[in-house]
Amino acid sequence: MSPIHNASAAGYDWFKSSYSSGDNNCVESAKVPGIVPVRDSKNPEGPALSFQPEAWGAFLNLVKGSDVTPL
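Numbering follows this note's numbering, with no gaps: position 9 of the sequence shown is 219.
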């Protein structure tokens, strides 16, 4: 995981899930070759994180599955 500087993330076409509510309590992502950028919709000018596609997919599978143990 690494941060994306705001200047490099400015040109991305950010989107939220169609399941998101309209209150900006969401994460946004963009379609970028080779990485999965993610940012907080409440702070679009703030930092974004980038993940390798495989790591992001594994995270989503874990969250969607029943193997998640509460902290």
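No residue lacks a Cβ here, since even glycine has one placed at the ideal position from N, Cα and C.
For Ala220, which three-state DSSP category applies?
coil
I'd like to check one pair, Asn234 with Ser251: are the Cβ atoms closer than 7 Å?
Yes, the Cβ-Cβ distance between Ser251 and Asn234 is below 7 Å.
Relative to the C-alpha of Pro263, which candidate in Leu272, Pro254, Pro247 has its C-alpha closest?
For Pro263, the closest C-alpha among the options Leu272, Pro254, Pro247 is that of Pro247.
Can you check DSSP and say which residues form a bridge with Phe225?
Per DSSP, the beta-bridge partners of Phe225 are Ser239.
Just how far apart, CA to CA, sit Phe269 and Gly275?
If you draw a straight line from the Cα of Phe269 to the Cα of Gly275, it comes to about 10 Å.
First through last residue of the beta strand (DSSP E) which encompasses Pro257
Per DSSP, Pro257 belongs to no beta strand (DSSP E) and is neither H nor E.
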